[in-house]
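Structure, as structure tokens:
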Amino acid sequence: MNPLIQPIDLRGLLCPNRVFMAPLTRQRAKDPDCIPGELQAVHYSQRAAYGLLIAEATQISPEGKGYPNTPGIYSAAQVAGWKIVTDRVHAAGGRIFLQLWHVGRISHTAHQPNGQSPVSCVAAASPAKMVIVRADGTLEEVPASMPRALETNEMPRVVRDYELAATNAKVAGFDGVEVHGANGYLINQFLSGSLNTRTDAWGGSVENRLRLLMSAVDAAGAAFGYAKVGVRLSPMGNAAELPAAPDDRELMLRAARELGDRKCAYLHLFNHYFGAHGWNGPFDRALAEGMKKNFNGPVVLNGYSRDVASAERDVREGLGDAVAFGKLAISNPDLPERIRDGAPLAEWDASQFYGVGGKGYNDYPTLVTK
Ligand SMILES: Cc1cc2nc3c(=O)[nH]c(=O)nc-3n(C[C@H](O)[C@H](O)[C@H](O)COP(=O)(O)O)c2cc1C
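So for the sequence shown, the working numbering puts the first residue at 5; every next one is plus one.
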């Protein structure tokens, strides 16, 4: 029996298989309103047979934005747009969480309200290159803008933004939310021992660096219930963006324990950053095992179990309970059925990862395998 096609219970949400769709930014919710709708409804409902769909990173506030055409979950129109998506996924028999996102310093003034500076834990620019849209509609690659450090008295407002976003996600019909604590974005910036040198209660020590993550999770939990809140972390660091610090390991193991104590829906472990800002470095198996032990609940793996064979192996060996597929989910709307049947998998077209309309988005065919 292939363990990937066995059902799994995520703290009360029954998923028919362990083939999850990883959160994937596709930049098809048009600026400036960032409202998803019909296009995304087709995309996600085509993939309703996945054990769980984790919808793309979605900004919790205008300040949380760092890329063109990414969706939000802070306005009534965005909630209404997402409702079209969740209704269609549910009608097709699926389950869908929304990834809650604040980019922090991985942004540019062009993406910020009134051209303001992005925010972070400290005033230190990200090495990331950002994409902005020129007046003539063409794209330009530019350095990330210098952020300003959030004031201590602003932190409760940031936490409230997470709570509002989670409440909105619930109203929009999502089955839960995933707090994005990975990939170098705001929460990851606060977690980082190499970046977060704040001297207030939100930085410095392990306990203080964990405060934003845990506050965001508590805020989402207040809105939705902890059983509906998953968390994504990249415990093995993310290379150039946030270099490793000596107590990172202690921090990650403690995060897993505290999230487990709250009985969060799942812990989603992403092995390293990928692509332009970093690399998929060696996998620290002992750390992954330690986090699973400390969390003591459903663990979703991504970025290590990168193909079907390794995913199957890792779930069989108990390293994780489910695997989130990213690029393969882009090109295989029926991945769970293909895995079940041992059918060939389709390749993705990276040139259409970010784009306009349904091309390279809603036109990947399914195999007729029923
Ligand atoms: C086009 C694209 C968009 C992505 N967007 C997100 C995102 O919105 N949130 C996130 O946490 N990770 C995002 N990622 C990372 C993926 O979720 C995943 O971690 C990565 O692709 C590695 O998994 P894979 O080898 O199965 O593709 C993105 C990756 C790609 C290729």
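Using N, Cα and C, we set each Cβ at its ideal position, and we do this for glycine too. Please read all numbers here as calculations on a predicted model, not as lab measurements.
Look up residue i in the DSSP assignment and give the residues it is bridged to.
| i | result |
| --- | --- |
| H94 | DSSP, once it has assigned bridges, lists no residue as partnering H94. |
| G180 | F101 |
| N306 | F274 |
| A153 | S124 |
| D140 | Paired residue(s): none; D140 is not in a bridge. |
Quick one: using the 10 Å Cβ neighbour count with 16 as the cut-off for buried, is residue i buried or exposed?
| i | result |
| --- | --- |
| T90 | buried |
| M5 | exposed |
| E60 | buried |
| V123 | buried |
| K133 | exposed |
| D251 | exposed |
| W283 | Low local confidence applies: a pLDDT of 44 at W283 is under 50, so the model's placement there is unreliable, with the coordinate-based value given in what follows. Exposed, by the Cβ-count rule. |
| E57 | Position check: residue 57 holds Leu in this sequence, whereas Glu was assumed. Label assigned to L57: buried. |
| Y277 | Annotation note: pLDDT 43 at Y277 (below 50); position unreliable, coordinate value reported separately. Buried: at least 16 other Cβ atoms inside 10 Å. |
| G180 | buried |
| V376 | Residue 376 lies beyond the range of the chain shown here (5 to 374); nothing can be said about it. |
| D367 | exposed |
| E341 | buried |
| Q120 | exposed |
| T62 | buried |
| P11 | exposed |
| N192 | buried |
For residue i and residue j, what's the separation of their Cα atoms in angstroms?
| i | j | result |
| --- | --- | --- |
| Y48 | I100 | 9 angstroms |
| K28 | P151 | In the sequence on display, residue 28 carries Leu and not Lys. Between L28 and P151, the C-alpha separation is close to 25 angstroms. |
| N157 | W206 | 11 angstroms |
| T171 | A223 | 9 angstroms |
| G330 | L8 | 15 angstroms |
| R344 | A231 | 28 angstroms |
Starting from residue i, trace the beta strand (DSSP E) both ways and give me its first and last residue.
| i | result |
| --- | --- |
| L377 | With the chain represented from 5 up to 374, any question about residue 377 goes unanswered, as that position is not in the structure. |
| H47 | Premise fails: H47 lies in the alpha helix (DSSP H), 42 to 50, not in any beta strand (DSSP E). |
| L18 | 17 to 19 |
| A328 | 326 to 329 |
| P147 | 143 to 147 |
| M25 | 23 to 25 |
What residue range is occupied by the uninterrupted alpha helix (DSSP H) comprising residue i?
| i | result |
| --- | --- |
| E341 | 339 to 345 |
| I191 | 190 to 195 |
| R236 | From DSSP, R236 is part of no alpha helix (DSSP H) but of the beta strand (DSSP E) over 233 to 237. |
| L257 | 252 to 265 |
| L217 | 215 to 228 |
| D318 | 312 to 320 |
Practice task
Take every Cβ of the segment 66 to 78, pair it with every Cβ of the segment 291 to 302, and state whether three or more of those distances are shorter than 8 angstroms.
Solution key: no
Exercise for the section: Count the C-beta pairs between the segment 210 to 229 and the segment 262 to 273 that are closer than 8 angstroms, then say yes if the count reaches three, no if not. Expected result: yes
Problem - Touching by the beta-carbon criterion (3+ pairs, under 8 angstroms), the segment 158 to 169 and the segment 134 to 149 - result: no
Exercise for the section: Decide yes or no for the touch test of the segment 104 to 119 against the segment 63 to 70: beta carbon pairs closer than 8 angstroms, at least 3 of them. Expected result: yes
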